[in-house]
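K.L.:
Residue numbers (our numbering), protein chains in the order written: chain A, 1 to 495; chain B, 1 to 168.
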């Protein structure tokens, strides 16, 4: 096993990786930008190396600086986390060249799975069902129109490169085709330097269900069951759970087999995720393969009892898988809520700032993968995820109840978080019924506002806070005034 | 005391009577609340209202307080505070540059009149909140241009009790 690894990430995922490393007796090296000098991941690691100014392109995306940091600290391997360089084939390739172990799949696999058309072709060859549509790119409007006619509208024009919702256009009628194609291609060219596009069927009421897989260097590949990720806002997941309330045991087994087939077709090694779309008649289609540890991996850890980061490290160190498929037996139900610094009343717009106070929920079956602390700054430069609140209970119903309880206890002051929105979402009838599709938030919560419930309590809390000001407020006032009044020096006095 | 509190954009008058150490009665519209409370930490207050207990977490912002209760976030503002600041012709009130009480209080003594010259640290107004008296002092040397309160007035944080024009 490795003696020391570098974690090329920040926030909660860097802490998550460091946590397992500490359990395994592996030393850790954190990297940080000037915006993260006192960030939680820097404080948690054995060593920390500055890699550049706040701009991601000059720090967390700075290949040279990260490779240099690994060499300078004698780290043997690099864990990329998610986002940043995690799915950058050039970075994986550089690691390979520099004799640093990249904790993830080989660069060739990242490259192939990162190109949607190549991935589709590999899956078709491997016998994995893909969304109906083209398996090659085209720039011929006649071909696009003919294919769209055959698929039936609406269709989706997609850039073969990149992701993150860029280079994607929905087309509802033939008249819109040429314009949508040009726009998608132009956007993709600007964003990814590649304007190639293709076309596939668009499903209005689809479910987004993904399978966790593990593959070692000896050709052993297993899946660790599914995650339901249909609850999304601004094309980003916000609530995930396992098992999916939509899958029958038969469908689950069929999709699990397809996920393993997909991983084998891709020559996959390490932890990865196969994403499927499931339509209303329970047909499923390969969507893409994520060649990294997913944000939502904890729900799988909760139900399977397997530490996925430890598995990643074992596989990267060249060890064979410790489990066979039949030894993977999930138990109970797990839900994750992503806690971002964002305002659910303002279209989930990010709200960076300083966290005045943080109190994490506690109790049996509650896990909070948290990257911040009381007093921490949430920089504007990065994804504003603060933590992932995860629960595990015997059933879905009990997991929902546990999550609502945990959200009630979660106190974050200083930046707006969507805990109230999430409570309303989890308790809503369609969610409780498991009627969750990718358009869930648009359909049921597009104009969400907090209700008046509890505002009288807030009023009384305001008055109580006025009548007995906190020590910090009086201390602050005293510090501001050279001749302090007794009010300001008495501290926490009572009326 | 009378407050006008804005909670998540709705404003209501609230009447508050302090009834003892760490207790008060509040009335808003048709609702009456009998409240006792204990400050647990800088950001945490345990509150008992009409026999029910809950915890509130509070932080102060530039223009009010953020209150979190049971996972719900409320923005609470003292609507009159905004008014008082407007009339004082300044943005933010602070003990550093203005003569303002740190909490709801009653004026006991006004020690200056318009036209008086004051030195930094000179007593200008004495206020009392419950059993506590305190003297507010001039934050900088200058000339008193107006006295905005009289003895016996109820005053609130942010309210400018005495205007002082600083020496050039």
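Note that CB positions come from ideal geometry on N, CA and C, so glycine has one too.
Relative to the alpha-carbon of residue 213 of chain A, which residue among A/387, A/225, A/17 has its alpha-carbon at the smallest distance?
P.N.:
For the purposes of this step, residue 213 of chain A is identified with residue 213 of the first chain, where counting begins at 1. When only C-alpha atoms are compared, the closest one is A/225.
K.L.:
Under a CB-based cut-off of 7 Å, is residue 56 of chain B close to chain A?
P.N.:
Locating residue 56 of chain B in the second chain gives position 56, where the first residue counts as 1. Chain A, which has a Cβ nearer than 7 Å to the Cβ of residue 56 of chain B, makes this yes.
K.L.:
Touching or not, the segment 455-467 of chain A and the segment 32-52 of chain B, by the rule of three or more beta carbon pairs under 8 Å?
P.N.:
Touching, yes.
K.L.:
Nearest CA to the CA of residue 109 of chain B: which residue from B/162, B/25, B/28, B/40?
P.N.:
Within the second chain, residue 109 of chain B is the residue found at index 109, counting from 1. Among B/162, B/25, B/28, B/40, the Cα nearest to that of residue 109 of chain B is on B/162.
K.L.:
Can you have a look at residue 31 of chain B and say buried or exposed, based on whether 16 or more other CB atoms are within 10 angstroms of its CB?
P.N.:
In the second chain, the residue the question calls residue 31 of chain B occupies position 31. Exposed, by the Cβ-count rule.
K.L.:
Please name the residue or residues paired with residue 128 of chain B in a DSSP beta bridge.
P.N.:
Numbered from 1 along the second chain, position 128 holds the residue referred to as residue 128 of chain B. B/106, B/133, per the DSSP bridge assignment.
K.L.:
What residue range does the beta strand (DSSP E) around residue 48 of chain A cover?
P.N.:
Translated into positions along the first chain, residue 48 of chain A becomes position 48. Unbroken beta strand (DSSP E) run through residue 48 of chain A: 47-52.
K.L.:
When the Cα of residue 152 of chain B is compared with those of B/25, B/57, B/105, B/144, which residue comes out closest?
P.N.:
In the second chain, counting from the first residue as 1, residue 152 of chain B sits at position 152. When each option's Cα is compared against that of residue 152 of chain B, the closest is B/105.
K.L.:
For residue 332 of chain A, I'd like the list of residues in its chain whose CB is within less than 8 Å of its CB, leaving aside the five on either flank, ordered along the chain.
P.N.:
Against the first chain, residue 332 of chain A aligns to sequence position 332. Taken in chain order, the residues that qualify are 302, 303, 392, 393, 394, 395, 399.
K.L.:
At the level of alpha carbons, what is the spacing between residue 296 of chain A and residue 130 of chain A?
P.N.:
For the purposes of this step, residue 296 of chain A is identified with residue 296 of the first chain, where counting begins at 1. For the purposes of this step, residue 130 of chain A is identified with residue 130 of the first chain, where counting begins at 1. The alpha-carbon atoms of residue 296 of chain A and residue 130 of chain A are separated by roughly 23 Å.
K.L.:
Which word fits residue 16 of chain B, buried or exposed, when buried means at least 16 other C-beta atoms lie within 10 angstroms of its C-beta?
P.N.:
Here the question's residue 16 of chain B lines up with position 16 in the second chain. So residue 16 of chain B ends up on the buried side.
K.L.:
Residues of chain A with CB under 7 Å from residue 65 of chain B, in chain order?
P.N.:
Residue numbering aside, residue 65 of chain B sits at position 65 when the second chain is read from its first letter. Chain A residues near residue 65 of chain B: 462, 465.
K.L.:
Under 8 Å by Cβ, that's how I've got residue 70 of chain A and residue 100 of chain A pegged, so tell me the actual separation to the nearest angstrom.
P.N.:
Your numbering for residue 70 of chain A matches position 70 in the first chain. Your numbering for residue 100 of chain A matches position 100 in the first chain. Right, the Cβ-Cβ distance comes to about 5 Å (below 8 Å), so this counts as a contact.
K.L.:
For residue 247 of chain A, which option in A/43, A/222, A/278 has the closest C-alpha, if you only look at C-alpha atoms?
P.N.:
Along the first chain, one-based indexing puts residue 247 of chain A at 247. With distances taken between Cα atoms, residue 247 of chain A lies closest to A/278.
K.L.:
What are the boundary residues of the alpha helix (DSSP H) that residue 63 of chain B is part of?
P.N.:
Stepping through the second chain from its first residue, residue 63 of chain B is reached at position 63. Taken as a continuous stretch (DSSP letters only), residue 63 of chain B belongs to no alpha helix (DSSP H), as it is neither H nor E.
K.L.:
Which of the three DSSP states is assigned to residue 351 of chain A in this structure?
P.N.:
Translated into positions along the first chain, residue 351 of chain A becomes position 351. Of the three classes helix, strand and coil, the one that applies to residue 351 of chain A here is coil, per DSSP.
K.L.:
When you check each C-beta in the segment 418-432 of chain A against every C-beta of chain B, which residues fall closer than 7 Å?
P.N.:
Within the segment 418-432 of chain A, the residues whose Cβ lies closer than 7 Å to some Cβ of chain B are 419, 420, 423, listed in chain order.
K.L.:
Would you give the residue range spanned by the alpha helix (DSSP H) that residue 304 of chain A belongs to?
P.N.:
Locating residue 304 of chain A in the first chain gives position 304, counting from the first residue. Element bounds for residue 304 of chain A: 297-304.
K.L.:
Among the candidates B/57, B/101, B/148, B/72, whose CA atom is the shortest distance from the CA of residue 509 of chain A?
P.N.:
The structure shown does not extend to residue 509 of chain A, since chain A is modelled only from 1 to 495, so the question has no answer here.
K.L.:
Compare the Cα-Cα distances from residue 26 of chain B to each of B/43, B/39, B/5 and report the closest residue.
P.N.:
Indexing the second chain from 1 puts residue 26 of chain B at position 26. Nearest C-alpha to residue 26 of chain B: B/5.
K.L.:
Where does residue 293 of chain A fall in DSSP's three states?
P.N.:
For the purposes of this step, residue 293 of chain A is taken as the residue at position 293 of the first chain. Residue state, collapsed to three classes: coil.
K.L.:
I'd like to know if residue 35 of chain B contacts chain A, where contact means its C-beta is closer than 7 Å to some C-beta of that chain.
P.N.:
Residue numbering aside, residue 35 of chain B sits at position 35 when the second chain is read from its first letter. Yes - at least one Cβ of chain A is within 7 Å of the one on residue 35 of chain B.
K.L.:
Per the contact definition of three or more C-beta pairs closer than 8 Å, is the segment 349-361 of chain A in contact with the segment 238-254 of chain A?
P.N.:
Cβ pair count under 8 Å is below three, so no.
K.L.:
When Cβ atoms are compared, which residues of the segment 19-48 of chain B fall closer than 7 Å to chain A?
P.N.:
Listed by position along the chain: 21, 22, 24, 26, 28, 31, 33, 35, 37, 39, 42, 43, 45, 47.
K.L.:
Please list, in chain order, the residues of the segment 380-408 of chain A that have any C-beta partner in chain B closer than 7 Å.
P.N.:
Here the close residues are 407, 408.
K.L.:
Reducing DSSP to helix, strand and coil, say where residue 89 of chain B ends up.
P.N.:
Numbered from 1 along the second chain, position 89 holds the residue referred to as residue 89 of chain B. Low confidence applies here, because residue 89 of chain B scores a pLDDT of 46, under 50, leaving its location unreliable and the question unanswered by this model.
K.L.:
Of all Cβ atoms in chain A, is any one closer than 7 Å to the Cβ of residue 16 of chain B?
P.N.:
Against the second chain, residue 16 of chain B aligns to sequence position 16. Yes, because at least one Cβ of chain A sits closer than 7 Å to the Cβ of residue 16 of chain B.
K.L.:
DSSP puts residue 272 of chain A in a beta bridge; with which residues?
P.N.:
Here residue 272 of chain A refers to the residue found at position 272 when the first chain is read from its first residue. Partner(s): A/213.
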